[in-house]
């Protein structure tokens, strides 16, 4: 081998060795994995942050029991008087029972069922609610209107023989009625008559009995301002509403609707409305 060939062979060998080393180096760099750096998350402890206090609303002014009773009398005395005219039950007794049984209109049964006299279901076929009384969840009658509760109270007493003796008493004998109701079994409370009499005397409910019994004289005075030829009717004029008519004749809107079988407060000009029931009589 000549010197020249040996030199060429040496160069080739050197070149190949260097290429192999570089290749390994490249492969080594390719396989090397860079370790992931974990970021430490520091959790700060939850501080006891004081929540903002809720703004307390001022409670609505609560009526005293006396004020509730006065409001009850104002709202329902006209219905009680009308029931007295029709069935002979003293208005004072009806109002006193309503006040006592309904908590002056604020009792739970009254609010849920318009039941002002605590009358239970018995032979009732209408709507009903269940309410704790002498026993748990007893069945009580439910009414759509307050006036229906007053009417059912009248019918309840008038149509049961055990209360028949009461209707033989004088129409203004509220003491006799109070004692008679207890004797006939309307209530189990031994002090029921005393409670009724106390309410009647404290709030002078007997004056409504007198108004009914002397109503003919009052009626003649009032007919002067009634434009209709029949004092028991009212012809609807422009601008009339059931409320304005009820105020004029001192009756309630519910009574007007009941007397005229109205489903709502819609009336028409020229419509003739009855302001007393058809079967009302001036005598008992």
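Numbering (my numbering), first residue to last: 443 to 726. Using N, Cα and C, we set each Cβ at its ideal position, and we do this for glycine too.
With DSSP as the reference, label residue i as helix, strand or coil.
i           : result
residue 587 : coil
residue 559 : coil
residue 612 : coil
residue 501 : Because the pLDDT of residue 501 is 48, which lies under 50, any placement of that residue in the model is unreliable, and the question is left without a value.
residue 714 : strand
residue 595 : helix
residue 602 : coil
residue 567 : coil
residue 677 : strand
Within the same chain, show all residues whose beta-carbon is closer than 7 Å to that of residue i, passing over the 5 residues directly before and after it, in chain order.
i           : result
residue 531 : 525, 596, 599
residue 613 : 530, 532, 651, 655, 726
residue 604 : 626, 627
residue 559 : 539, 540, 543, 591, 595
Does residue i pass the burial test, meaning 16 or more other C-beta atoms within 10 Å, or should it be called exposed?
i           : result
residue 450 : exposed
residue 506 : exposed
residue 588 : buried
residue 552 : buried
residue 686 : exposed
residue 606 : exposed
residue 712 : exposed
residue 465 : Low per-residue confidence applies at residue 465: pLDDT is 48, beneath 50, and the placement is therefore not dependable, though the value from the model is reported in the following sentence. Residue 465 comes out exposed.
residue 520 : buried
residue 610 : exposed
residue 568 : exposed
Assuming contact is defined by CB atoms lying nearer than 8 Å, are residue i and residue j in contact in what I supplied?
i           : j           : result
residue 511 : residue 634 : no
residue 540 : residue 518 : yes
residue 709 : residue 684 : yes
residue 582 : residue 593 : no
residue 695 : residue 688 : yes
residue 514 : residue 549 : no
Take residue i and list the residues in its own chain whose beta-carbon comes closer than 6 Å to its own, dropping the five residues that flank it on each side.
i           : result
residue 522 : 533, 536, 537
residue 715 : 676, 702
residue 698 : 684, 688
Give every residue of the same chain whose Cβ lies closer than 8 Å to the Cβ of residue i, excluding the five residues on either side of it in the sequence, and list them in chain order.
i           : result
residue 616 : 532, 534, 535, 538, 638, 639, 642, 647, 648, 651
residue 672 : Its pLDDT being 44, under 50, residue 672 is placed unreliably by the model, and nothing is read from it.
residue 556 : 584, 585, 586, 587, 588, 590, 591
residue 579 : 572, 573
Complete runs of the alpha helix (DSSP H) confined to the region 619 to 652 [at least 4 residues] | 634 to 644
List in chain order: all unbroken alpha helix (DSSP H) runs of 4+ residues lying wholly within the region 511 to 541.
-> none
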